[in-house]
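Asker: Pasting a structure here, questions to come.
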Ligand code: NAP
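Right under this line is the structure:
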C-alpha cells in the first residue's frame, strides 16, 4: 500500500515542487489550497501523470473547521496519513515598516502561517499516533516549511518573521513531544525562491543576488525544496528529528 502525504498549498510554488518530488518518491497525495479545484486542475493532473493518486482538499488552513474537514476527507478517502507538510503561507498583503504595520495584518499572517500549521500538526500527530498504535510498521513524519525570516530580521514584514520564528519553535516542540512515537519533525528553511510570492520583488532580488547576497549566485527553485523534503519524507534522515535544513544557497552563511 502506498504511503500518503498531505501538502498544504501544494498546487503551486514551493508546495507543488514538494508534491512533485513526493509523487516521484511513490507517495499518494492530498493537496490543499484555497483556490477551487478547477483552478488547480492542471497541477493536480500533472501530479497524477507522475503516478500519484491525488485528492484535492480546498480550504483555509487558518480555519479550525476546515482543518478538521480536510483530515476527515483524507481519512475517508485514503484511510491513512504518513506525512504532513505544512507549506501553505502568505506574505503580508502590504509590506509596511513595523512602526506602522497593522494588527489586522499581524493577525492575518499569524493565523495562516503559524496557528494553522500548529493545530494541523496537533491533529495530524494525534492521528499518526493512533495509526502507530494499530500498526507497528507505520511510519510518520512532519515537515514545516519556514523561511530564513525565522532568523533574519526584515523590518518591513515583521509579522512574517514572527510567524516563521514561531513555526521554528513549533518544529522543536512537536519533535520533542513525538519522539516517543518515533515520528520525526523537521523544519525546511528556504531562502529566496522563485514563486508567485516573490514575483512582485523580482528585480530587487535579482540585484541582491547579483551583488552576492547568496554564496550560490542564483535564485532557489521549488525543485530545490522538493528534493530536500522528499529525502526527509522517504526517511533518509532517521536520526535527525527537530533539525533545520537550510535551502538558501548560503544566504545565511556568516561571511566577512
Ligand atoms: P505561493 O507561490 O504564494 O503559494 C502559496 C501557496 O499557499 C498556494 O498554494 C496557496 O493556495 C496556499 N495558501 C495560501 N494561503 C492559504 C490558506 N489560508 N490556506 C490554505 N492554503 C493557502 O508561495 P510560495 O513561495 O510557494 O511559498 C510556500 C511556503 O514557502 C510559504 O509558507 C512561504 O512562506 C514559504 N517561503 C517562501 C519563500 C520564497 O522565497 N518564495 C522563501 C521562504 C519561505 P492557492 O494555490 O490555492 O492560492
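Numbering (our numbering), first residue to last: 1 to 256. Cβ coordinates follow ideal geometry from the N, Cα and C atoms, glycine included. Keep in mind the model is a prediction, meaning the values are calculated, not measured.
1) For the ligand NAP, I want to know if residue 112 counts as a neighbour, meaning its beta carbon is within less than 7 Å of at least one of the ligand's heavy atoms.
2) Grouping DSSP H, G and I as helix and E and B as strand, with all else coil, what is residue 94?
3) Any heavy atom of the ligand NAP inside 7 Å of the beta-carbon of residue 137?
4) Quick one: using the 10 Å Cβ neighbour count with 16 as the cut-off for buried, is residue 253 buried or exposed?
5) Which residues bound the beta strand (DSSP E) around residue 31?
6) Over what stretch of residues does the alpha helix (DSSP H) that includes residue 264 continue unbroken?
7) When the distance is taken between beta carbons, is residue 229 closer than 8 Å to residue 77?
8) Mind checking whether the beta-carbon of residue 192 lies closer than 7 Å to any heavy atom of the ligand NAP?
9) Is the beta carbon of residue 119 closer than 8 Å to that of residue 49?
10) With a cut-off of 8 Å on the beta carbons, I'd call residue 222 and residue 13 a contact; round off their distance for me.
11) What residues are listed by DSSP as bridge partners for residue 263?
12) Thinking C-alpha only, which one of 114, 40 and 2 is nearest residue 16?
13) For the ligand NAP, any of its heavy atoms closer than 7 Å to the Cβ of residue 52?
14) So is residue 126 buried or exposed if we call it buried at 16+ other beta carbons inside 10 Å?
15) In the DSSP assignment, find the alpha helix (DSSP H) that holds residue 5 and state where it starts and stops.
16) List, from N- to C-terminal side, the beta strand (DSSP E) runs of 3 residues or more that fit wholly inside the segment 162-209.
17) Quick check on DSSP: helix, strand or coil for residue 73?
18) May I ask you to check if the CB of residue 230 is nearer than 7 Å to at least one heavy atom of the ligand NAP?
19) When the Cα atoms are used, what is the spatial distance from residue 29 to residue 131?
20) Name the DSSP bridge partner or partners of residue 55?
Answerer: Well, looking at it:
1) Here the question's residue 112 lines up with position 112 in the chain shown. Result yes, Cβ under 7 Å from the ligand NAP.
2) The sequence position of residue 94 within the chain shown is 94, counting from 1. DSSP places residue 94 in coil when its eight states are reduced to three.
3) Residue mapping note: residue 137 aligns to position 137 of the chain shown, counting from 1. Checking every heavy atom of the ligand NAP against the Cβ of residue 137, none is found closer than 7 Å.
4) As a working note, residue 253 is residue 253 in the chain shown. Looking at its Cβ environment, which holds fewer than 16 other Cβ atoms inside 10 Å, residue 253 is exposed.
5) By 1-based counting over the chain shown, the position of residue 31 is 31. 28-33 is the span of the beta strand (DSSP E), which, as asked, contains residue 31.
6) The first residue shown for the chain is 1 and the last is 256, placing residue 264 beyond what the model contains.
7) As a position in the chain shown, residue 77 is number 77, starting the count at 1. As a position in the chain shown, residue 229 is number 229, starting the count at 1. No, Cβ-Cβ distance for residue 77 and residue 229 is not below 8 Å.
8) The sequence position of residue 192 within the chain shown is 192, counting from 1. Residue 192 Cβ: within cutoff of the ligand NAP.
9) As a working mapping, residue 49 is identified with position 49 in the chain shown. As a working mapping, residue 119 is identified with position 119 in the chain shown. Not closer than 8 Å, so no.
10) Numbered from its first residue, the chain shown carries residue 222 at position 222. Numbered from its first residue, the chain shown carries residue 13 at position 13. With a Cβ gap of about 6 Å, residue 222 and residue 13 count as contacting.
11) Since the first residue shown for the chain is 1 and the last is 256, residue 263 is missing from the structure and cannot be characterised.
12) Taking the chain shown and counting its residues from 1, the one referred to as residue 16 is at position 16. Here the closest residue by C-alpha is 40.
13) As a first step, residue 52 is located in the chain shown; it is residue number 52 there, counting from the start. Not under cutoff, so the answer is no.
14) To locate residue 126, count along the chain shown from 1; it is residue 126. Classification of residue 126: exposed, given that the 10 Å Cβ count is below 16.
15) Taking the chain shown and counting its residues from 1, the one referred to as residue 5 is at position 5. Looking at the DSSP string, residue 5 is not in any alpha helix (DSSP H); the run it does join, the beta strand (DSSP E), is 4-7.
16) 185-190
17) Here the question's residue 73 lines up with position 73 in the chain shown. Residue state, collapsed to three classes: helix.
18) Sequence index remark: in the chain shown, residue 230 carries index 230 (1-based). Not under cutoff, so the answer is no.
19) Looking up residue 29 in the chain shown gives position 29. Looking up residue 131 in the chain shown gives position 131. Straight-line Cα distance between these residues: approximately 18 Å.
20) For the purposes of this step, residue 55 is taken as residue 55 along the chain shown, with counting starting at 1. Looking at the DSSP assignment, residue 55 forms a beta bridge with 30.
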